[in-house]
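First to last, the sequence lines map onto chains A and B. Take 1 as the starting number for the first sequence in the working numbering and just add one per residue. Take 1 as the starting number for the second sequence in the working numbering and just add one per residue.
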Amino acid sequence: MTTDVMISASGLTKKFGSVRALDNVSFEVRRGEVVGFLGPNGAGKSTTMRILTCFIAPTAGSAKVAGRDVFEDPLGVRRGVGYLPQRAPLYGDMSVQEYLKFTAEIRGLDDHTFSRRLGKVIEVCGLAQTLGKQISHLSHGYRQRVGLGQALIHDPPILILDEPTSDLDPNEKAEVLRYIDEIGKDRTILLSTHNLAEVEQSCARAIIVSKGRVVADGPLDDIRGKTGHVRYLVTVDEQHGESGHAPPKAIELETALAGLAGARAVNELPTDERAHRFELAADQAGDLRAEIFRLMVAKGWTLLELRRDAQSLDTVFRELTRGEQRLDAGRSAEVDEDDDVDDVDDEPEADSADTEDKE
Amino acid sequence: MSPMLTIAKREFRSYFDSPLAYVVMCLTFLLLGLAFFMYGGGFWQIDRASLQLLFEYTPVGLSVLVVPVVTMRLIAEEKRSGTLEMLITLPVNDSDVILGKYLGALGLVMALVVATALYPIAMFGWPWNLGVLDTGPVWAGYVGLTLFSAAAVAIGLLVSTLTESQAVAFFITFFVLLILWFAEAAANQVSGGLGDLLTHVCFQSRLEGFTRGLIDTRDVVFFLSVTVVALMVAFRALERRKWS
């Protein structure tokens with residue numbers, strides 16, 4: 001069992017001056033797992049990753065990567081890891097091929113192994129067109145691919161990727177996530193992000209950190225279930241009712257859904273003109289789907305979609321990390337339902353835009 | 001190839017990817033030529049088959065122009081752009097990074113120093129023969145220049161590890177080397193222990209012997225010590241990121 005643990009952090013604490021960036025962070029990642037490392041900016045994701053790659057040392061605690069201790073054998077740790085730091089900082093004055101060759105040389109790959117691996121990396125990361133181009137002329141998406149490429153060049157068993165999709169446009173994001181899926185088939189990946197959709201897409205397990213502490217760790221379903229609520233998604237036709245019945249107005253539908261026994265909260269979700277879409281939170285114990293169906297039949301409304309799942313990761317994430325954010329804003333730690341849903345996501349975007357400008 | 005040499009090679013080659021290396025080299029040779037042949041009558045005024053002026057002016061050019069420009073970006077730029085994290089998280093020791101960067105920069109400076117050999121070759125060998133050159137002081141002069149460059153580049157590298165700004169690194173290196181060069185002149189203005197210290201660390205007076213063909217062990221040890229100490233402090237400064 002122990003040999004299966006590829007990354008283990010125990011009691012990691014890091015202080016920058018009087019600021020505690022990490023506070024007793026412990027977790028394990030097993031062979032073959034793709035784990036999302038989630039948290040708002042400043043939660044300690046990058047700090048943790050820098051400790052795992054021996055760029056900085058923890059103030060207290062220890063970590064083992066690929067069975068090697070970060071204090072005792074930093075070179076061994078780095079040999080077993082492919083690491084992509086935030087925003088893929090590469091040498092702009094080199095061409096893609098020169099850069100990959102440079103990292104391969106430092107990693108001690110001989111020419112034969114390098115050309116074999118290069119072929120694979122080109123294929124997986126889609127770099128065939130850009131090999132001869134200078135890195136400073138590449139778009140962010142391509143730089144990120146080159147960053148992934150250098151992390152893969154020595155075929156490492158472990159990949160540590162720090163926000164591989166930040167700064168990218170949606171198409172590039174999808175591409176990079178596809179590469180990660182591809183790569184992740186036979187590797188252990190720890191992937192940090194503040195974008196929840198990405199975690200849902202590419203990871204089976206997530207570790208959520210907030211203010212330097214792990215606030216949740218487990219399979220996504222468990223994390224979703226953490227608040228004890230389930231969610232029903234109900235989509236109803238807005239333009240046509242069944243056999244002569246009038247289609248529902250949003251308010252009618254909302255009232256009807258809220259009237260169901262066990263319903264806790266009803267939220268309208270944005271859609272186009274053709275349908276109403278509601279999110280209904282209810283206790284985990286029961287199942288309201290039959291009730292909802294009967295309601296639709298009784299009213300003569302056309303049910304387009306009905307789905308029951310655990311609460312959205314988004315909501316859980318916000319609940320787990322919100323208290324800290326509110327303290328930052330100088331408000332009380334109590335959860336305020338009117339709080340802007342996008343709070344968590346907006347900040348990082350603005351932040352990365354800033355850095356881009358500087359570059 | 002060891003990681004250190006790979007880093008050195010990359011560093012050396014990257015100088016030629018920007019116009020900087022070319023500009024600095026051209027400017028240095030232009031200024032050196034002007035100073036050597038024209039300034040105060042220059043070489044012609046001395047009217048001896050001596051290259052003493054070459055060994056007096058080259059280190060000044062290296063101090064105020066070449067070394068600060070060549071070393072300013074070494075670590076500072078990597079810190080600013082974040083590439084340092086990428087570099088250090090490859091399987092390299094911090095010492096590989098420091099020594100690799102050092103050798104890359106020293107390589108460029110030495111290429112310049114070696115290129116000044118055009119003077120003795122062209123003037124006293126082929127195509128011109130302006131007299132019989134006493135080769136002893138020339139060899140000693142180059143030994144001195146090499147030791148001086150080693151120390152100056154180490155100081156520049158050290159300064160570059162202490163800041164994230166190339167401009168700051170340039171000016172600090174510039175002033176440190178300038179002060180070390182003119183330390184003896186300054187020493188004459190102050191008395192006591194400080195004056196002695198300034199005389200002791202003056203690069204100019206340390207190089208004087210070499211220029212006259214005299215290789216003094218004390219001077220050799222001085223330059224080597226400056227080099228080693230600067231590199232060690234640079235290493236510590238780079239390592240400090242782990243704990244701060």
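Note that beta-carbon positions come from the ideal geometry of N, C-alpha and C, so glycine has one too.
Chain-ordered chain A contacts of residue i [CB-CB under 9 Å]
i	result
D219/B	Those within 9 Å of D219/B in chain A number zero; the least Cβ separation is about 37 Å.
D17/B	D93, M94 and Q134
Rounded straight-line distance, which links the Cα of residue j to that of residue i
i	j	result
A154/B	L231/B	6 Å
Q150/A	T103/A	7 Å
L320/A	T271/A	28 Å
S50/B	V132/B	9 Å
G82/B	L90/B	14 Å
L190/A	G36/A	6 Å
H154/A	A206/A	26 Å
S95/A	G132/A	6 Å
P348/A	R318/A	For P348/A, the predicted structure reports a pLDDT of 40, less than 50, and the residue's modelled location is therefore unreliable. A value from the coordinates is still provided. One C-alpha to the other measures close to 14 Å.
D169/A	C125/A	17 Å
L224/B	A167/B	27 Å
D342/A	A246/A	Any answer about D342/A is weak, because its pLDDT of 39 lies below 50 and its placement is not dependable; what the coordinates show is given next. Between D342/A and A246/A, the C-alpha separation is close to 35 Å.
L177/A	S202/A	7 Å
G286/A	V230/A	9 Å
E105/A	L152/A	14 Å
Q204/B	Q189/B	17 Å
R307/A	L148/A	37 Å
G11/A	G195/B	54 Å
L288/A	G262/A	8 Å
F210/B	V60/B	15 Å
V297/A	G80/A	59 Å
D346/A	A174/A	Note that D346/A scores 39 on pLDDT, short of 50, meaning its location in the model is unreliable and no value can be drawn from it.
G42/B	D111/A	53 Å
M6/A	N24/A	19 Å
H276/A	D221/A	27 Å
R107/A	R10/B	14 Å
K64/A	G141/B	53 Å
D17/B	Y91/A	12 Å
CB contact flag (residue i, residue j, <9 Å)
i	j	result
G100/B	T161/B	no
D162/A	Q86/A	yes
T130/A	R145/A	yes
L70/B	V114/B	Here residue 70/B is Val; the residue named in the question, Leu, does not match the sequence. Result no, Cβ atoms of V70/B and V114/B do not sit closer than 9 Å.
Q52/B	R212/B	yes
R187/A	V92/B	no
P89/A	E85/B	yes
T116/B	T58/B	yes
V234/A	L303/A	yes
A186/B	L177/B	no
K211/A	A256/A	no
V199/A	L84/A	no
L295/A	L260/A	yes
T59/A	K15/A	yes
Under 8 Å by beta carbon: chain B residues contacting residue i
i	result
I91/A	First, the amino acid is wrong: residue 91/A is Tyr here, not Ile. Result: R10, S14 and T83.
I364/A	The first residue shown for chain A is 1 and the last is 359, placing residue 364/A beyond what the model contains.
T103/A	L90
R378/A	Given a span of 1 to 359 for chain A in the structure shown, any question on residue 378/A remains unanswerable.
R87/A	G82
Bridge-paired residues (DSSP) for residue i
i	result
W301/A	G241/A
S279/A	For the sequence presented, residue 279/A should be read as Glu rather than Ser. For E279/A, which the question treats as bridged, DSSP gives the partners L233/A and N267/A.
R30/A	V5/A
R20/A	K15/A
R308/A	Y232/A
F37/A	S192/A and I207/A
V25/A	L12/A
Q134/A	S95/A
Beta-carbon neighbours of residue i, restricted to chain B and to distances below 9 Å
i	result
Y83/A	E85, M86, T89 and L90
L12/A	None at all; the shortest Cβ gap to chain B is about 14 Å.
L75/A	P91, V92 and N93
Within chain A, partners of residue i - CB distance below 7 Å
i	result
R241/B	I56
Cross-chain neighbours of residue i in chain B, by beta carbon under 7 Å
i	result
R79/A	P91
- Message: At a CB distance below 9 Å, what residues from the region 33-63 of chain A approach chain E? Give them in sequence order.
- Response: Absence of chain E from the displayed structure is noted, the protein chains being A and B.
- Message: Suppose only complete runs of 4+ residues qualify. What are the alpha helix (DSSP H) ranges in the region 153-234 of chain A, listed by chain order?
- Response: 170-183, 196-202 and 220-224
- Task: Would you list, in sequence order, the uninterrupted alpha helix (DSSP H) runs of no fewer than 4 residues that lie entirely inside the region 48-85 of chain A?
- Result: 74-79
- Counting only runs that start and end within the region 148-196 of chain B, where is the alpha helix (DSSP H) found for 4 or more residues in a row? 166-181 and 183-187
- Could I get the ranges of all uninterrupted beta strand (DSSP E) runs contained in the region 72-104 of chain B, with 3 residues as the minimum, in chain order? none
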